[in-house]
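Everything on this sheet refers to the single structure shown next.
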Amino acid sequence: MRVLVTGANRGLGLALSKAALERGHTVLACARNGAQPDGSLQNLSRQYPNQIFLIELDVSDEKSVEMAAAKVSENWESIDAIINNAGVLYERDAKIEELDFSLLELTMNVILYGPMRVIKHFLPLLYKGTNQIIINISSDAGSIATAYGGDYPYAISKTALNMFTKQIKHYVSDKNINVYAIHPGWIRTDMGGEKAPGSPEETANNLVDILEKKKVIDDELFFIKHNGEPMKI
């Protein structure tokens with residue numbers, strides 16, 4: 001499969017890229033510094049020079065997304081998977097009385113509008129692929145059923161992302177494209193912190209299992225855990 005991953009330079013995005021490469025897939029690794037990667041992404045590029053292709057893409061900037069899609073289109077006729085992984089975490093402990101709305105707007109711009117921009121510009125390429133799938137990395141924080149007071153920007157943006165996921169699932173229902181919002185679990189990344197019990201590698205491999213359709217998931221489900229189990233909406 002040819003898999004497009006946003007936020008591929010660190011955390012779950014990096015683990016996803018590595019897991020997909022190890023299974024022989026081609027990865028279009030997108031990041032704001034995609035043209036000049038550093039650290040682990042650069043190492044992956046050296047290790048898999050003919051499998052991973054680095055794309056400069058800032059999900060918060062539609063022109064950047066449009067240019068990235070044009071670049072991909074110039075080099076490949078199609079893609080098979082879109083994984084919207086790029087994210088931010090601001091105002092986690094802020095009370096509503098103290099909330100900085102500029103950071104709420106930034107969060108929505110990345111977590112909700114980012115995937116909307118990516119799908120807007122890359123969907124024509126996905127239509128031409130095979131066994132197509134869209135995965136939007138969501139969170140249990142986005143569940144209305146289990147809502148808690150706090151994490152306002154993150155939780156609200158993930159809830160909205162779940163809604164968008166359901167809309168896209170309906171929109172492409174006649175194209176045989178699988179669409180999921182997936183809770184990755186609380187994992188040890190820069191965002192999750194060192195105390196998180198989950199492993200990004202385990203989550204990444206479970207997500208690649210979903211890409212490869214190794215997990216049986218009910219057709220009606222769209223909000224699920226990384227192991228394929230349903231989440232409360």
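Residue numbers (full-length UniProt numbering): 1 to 233. C-beta atoms are modelled at their ideal positions from N, C-alpha and C, and glycine is treated no differently.
Pick helix, strand or coil for residue i, following the three-state DSSP scheme.
i	result
residue 181	strand
residue 225	strand
residue 16	helix
residue 159	helix
residue 196	coil
residue 237	Nothing can be reported for residue 237, as the shown portion of the chain is limited to 1 through 233.
residue 136	strand
residue 55	strand
residue 124	helix
residue 130	coil
residue 168	helix
residue 68	helix
residue 118	helix
residue 81	strand
residue 107	helix
residue 2	strand
If residue i and residue j are in contact, beta carbons under 8 Å, what's the gap, nearest whole angstrom?
i	j	result
residue 156	residue 182	18 Å between Cβ atoms; not a contact.
Just the Cα atoms here: how many angstroms apart are residue i and residue j?
i	j	result
residue 171	residue 179	10 Å
residue 101	residue 78	39 Å
residue 72	residue 97	44 Å
residue 154	residue 167	20 Å
residue 95	residue 214	42 Å
residue 103	residue 210	33 Å
residue 217	residue 123	23 Å
residue 222	residue 164	11 Å
residue 169	residue 198	28 Å
residue 112	residue 66	17 Å
residue 75	residue 173	28 Å
residue 228	residue 91	30 Å
residue 53	residue 131	21 Å
residue 150	residue 160	16 Å
residue 234	residue 88	Any answer about residue 234 is impossible in this case: the structure gives the chain only from 1 up to 233.
residue 108	residue 158	9 Å
residue 17	residue 200	11 Å
residue 236	residue 32	Outside the displayed range of the chain (1 to 233) lies residue 236, so it cannot be described from this structure.
residue 175	residue 49	32 Å
residue 202	residue 34	24 Å
residue 105	residue 140	21 Å
residue 194	residue 43	23 Å
residue 128	residue 177	11 Å
residue 99	residue 162	23 Å
Look at residue i and residue j and say whether their C-beta atoms are less than 8 Å apart.
i	j	result
residue 80	residue 2	yes
residue 21	residue 55	no
residue 208	residue 85	no
residue 15	residue 30	no
residue 13	residue 191	no
residue 82	residue 41	no
residue 69	residue 121	yes
residue 196	residue 19	no
Less than 7 Å separating the Cβ of residue i from some heavy atom of the ligand FAD?
i	result
residue 204	This structure does not include the ligand FAD; it has no bound ligands of any sort.
Kindly confirm or deny that the region 134-152 and the region 226-233 touch, where touching means at least three C-beta pairs closer than 8 Å. yes
On the three-pair Cβ rule with 8 Å, is the region 105-125 touching the region 55-67? yes
When the Cβ atoms of the region 119-136 are set against those of the region 183-197, are three or more pairs found closer than 8 Å? no
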